[in-house]
Amino acid sequence: MKKGLKQSLRAVLFLAFAALLLVLSFRGIDFAELWTVMRKANYLWLLPAVAFSILSFIIRARRWILLIEPLGSKPGLASTSHAVVTGYFANMIFPRLGEVAKCAALGKKENIPFDRLVGTMLIERTVDILTVLVLLAVTLIAGSTATGTFLSENVFGPAEEKITSSFGSATVITVIVLLLAITAVVMFFMLRERLSGYPVFKKLYSFSDGLLAGLKSILRLRRRWEFLLLTLLLWVSYFFMSYFPLLCLESTSGLGVEATLFILIIGSFGMAAPVQSGLGAYHWIVSRGMLVAYGIPLEEGLAYATLEHESQMILIAIIGAISLYALFGKKGGKVLSSVVAEKEI
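Structure below.
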């Protein structure tokens, strides 16, 4: 099968999966009630959310420059910001294409080797994963009832119930699973070289090695405190991007810091789903999370998720097209198409 056809089929499959998630999200919803909620929303509160979104693009670009400088290059903030937005724009076309697209775009514009930029992408991915895990840990340690309730009712509770009903004792099964996991890890490292010949394990090794290399690179950064400060500011921007849309709806306008952090955390998992820009996955997990944690009706939760997600998608579609033109003029579309055709995604 030709590579272009294979990639097209993959894109269609991912889009079909996103459509399925959207159907699941809106199944059983009173659309008349949803329309009423959307019609009564105060859309002016989306403006500061959009402003923080634009700010996050610039902050992420500046942080990326700090990672690129040790490579001997110093791209401009404007071109780097355009490359970042181009990455988000590409994610609307194909899941995970954004990371490749932004490296290819900046590499072509600033004449920086693509392979070297991919290394910085791995560092960014490492930091993003760690940040979400830290936020999750902090909210649990701080006694967040929302996060605890959501995990209990949707993850740990169902798992324990399933194990107990099937095997009779969750404790015994947990011990057995732990022993099997330890054995699997030991065998994994013992047979590492032999397993490395299989494509699945090659990708696993590449991902784990990339995470470790990313952590080491962060520790070696000359301006790591600026990097950490920019990371903090980036997630503060994400916080307000989640907070201001809450004020659009009467039923969610009273939710505060804890609820916003909760939405930010579970929304991050939705955006990480293998679908275009978290389409469907974000709507499903956020609306269900708000129902479980705060008793917000599904119609209200879906209205919030739709306002927050689609306002960002419209922004990215507009600024993404502008960024492509700013970087490559009328050839921007061809450049993006070449990324899909040439790079492994």
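Going by our numbering, 179 is the number at position 100 of the sequence shown; the sequence numbering is gapless.
The beta carbon of each residue, even a glycine, is placed where N, CA and C say it ideally should be.
Here DSSP, grouped into helix, strand and coil, assigns residue 300 to coil.
For residue 406, the uninterrupted alpha helix (DSSP H) run begins and ends at 377-407, by DSSP. Relative to the Cα of residue 138, the nearest Cα in the group 162, 116, 117 belongs to 162. Residue state for residue 173 is assigned as coil, using DSSP reduced to three classes. Taking a contact to require three or more Cβ pairs closer than 8 Å, the segment 355-375 and the segment 129-137 do not qualify as touching. Contact annotation: residue 364 and residue 344 have beta-carbon atoms that are not nearer than 7 Å. Contact check for residue 330 against residue 389 fails: the beta carbons are separated by 7 Å or more. C-alpha of residue 185 to C-alpha of residue 141: approximately 13 Å in a straight line.
Of the candidates 193, 168, 189, 317, 168 places its Cα closest to the Cα of residue 401. Cβ atoms of residue 313 and residue 165 stay farther apart than 8 Å, at about 18 Å. Under the three-state reduction of DSSP output, residue 327 falls in the coil class, being neither helix nor strand. The C-alpha of residue 219 is placed about 32 Å away from the C-alpha of residue 121. Sequence-distant Cβ neighbours of residue 319 in its own chain, meaning closer than 6 Å and more than five residues away, are 131. Rounded to whole angstroms, the Cβ separation of residue 386 and residue 324 is 5 Å, and the two are in contact under 8 Å.
With 16 or more other Cβ atoms inside 10 Å of its own Cβ, residue 143 counts as buried.
With fewer than 16 neighbouring CB atoms inside 10 Å of its own CB, residue 333 falls in the exposed class. Here residue 149 carries a helix assignment [DSSP, helix/strand/coil]. Around the beta carbon of residue 174, a 10 Å sphere encloses 16 or more other beta carbons of the protein chains shown; the residue is thus reported as buried. Contact check for residue 202 and residue 147: beta-carbon distance about 10 Å, past the 8 Å limit, so the pair fails to qualify.
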